[in-house]
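> Going by the UniProt record's numbering, the final residue of the sequence shown carries number 117, and the count climbs one at a time with no gaps. Note that beta-carbon positions come from the ideal geometry of N, C-alpha and C, so glycine has one too. Structure provided below as structure tokens; questions to follow.
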Amino acid sequence: ILLFSCLGIVVAKERPELEEERQALIITQAENQRLLKEAEDKILFTLSSSEGNILEDEAAIQTLDSSKVISDEISKKQKIAEETAKKIEASRQDYKPIAEYSAILFFCLNDLPNIDP
Numbered sequence: 001i002l003l004f005s006c007l008g009i010v011v012a013k014e015r016p017e018l019e020e021e022r023q024a025l026i027i028t029q030a031e032n033q034r035l036l037k038e039a040e041d042k043i044l045f046t047l048s049s050s051e052g053n054i055l056e057d058e059a060a061i062q063t064l065d066s067s068k069v070i071s072d073e074i075s076k077k078q079k080i081a082e083e084t085a086k087k088i089e090a091s092r093q094d095y096k097p098i099a100e101y102s103a104i105l106f107f108c109l110n111d112l113p114n115i116d117p
């Protein structure tokens, strides 16, 4: 966990735009998941409240159609986000040795007071 924290700090200092893009991507993915959940809930509510033949229920059909459009848009966005995340992670890996070294230094400094003079 410390390694990931150090990696985030190093990348934020060396390439702040990359870390900002990663943070924005995380927020976007969470928002997309929320929208998918809302669409799913809307579909389930429509199906459970529909009376009679669902194929004749215009409101249910419109809800399903709009949910399909939302789902398709989010799927496209998620694919783009996954590709972007891979590129960002590849760039972040360039700084992994520095983060590992920083974590080692942290533990060394943390144990320093325990050394008997």
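#1: Tell me whether E51 sits in a helix, a strand or coil according to DSSP, three-state version.
#2: Under 8 angstroms: do the region 3-16 and the region 99-116 share three or more Cβ pairs, one atom per stretch?
#3: Please look up how many angstroms separate the CB atoms of I74 and L35, rounded, as I've assumed it's under 8 angstroms.
#4: What are the boundary residues of the alpha helix (DSSP H) that residue 128 is part of?
#5: Taking three-plus beta-carbon pairs below 8 angstroms as touching, is the region 18-27 in contact with the region 46-55?
In brief:
#1: By one-based count along the sequence shown, residue 51 stands at place 51. Taken through DSSP and simplified to helix, strand or coil, E51 comes out as coil.
#2: Contact between the region 3-16 and the region 99-116 is present: 3 or more CB-CB pairs across the two stretches fall below 8 angstroms.
#3: Looking up residue 74 in the sequence shown gives position 74. Looking up residue 35 in the sequence shown gives position 35. Between I74 and L35 a beta carbon distance of about 6 angstroms is seen, short of the 8 angstroms cut, so the two are scored as contacting.
#4: Outside the modelled stretch of the chain, which goes from 1 to 117, sits residue 128, for which no answer is possible.
#5: Judged by Cβ distances under 8 angstroms, the region 18-27 makes no contact with the region 46-55, as fewer than three pairs qualify.
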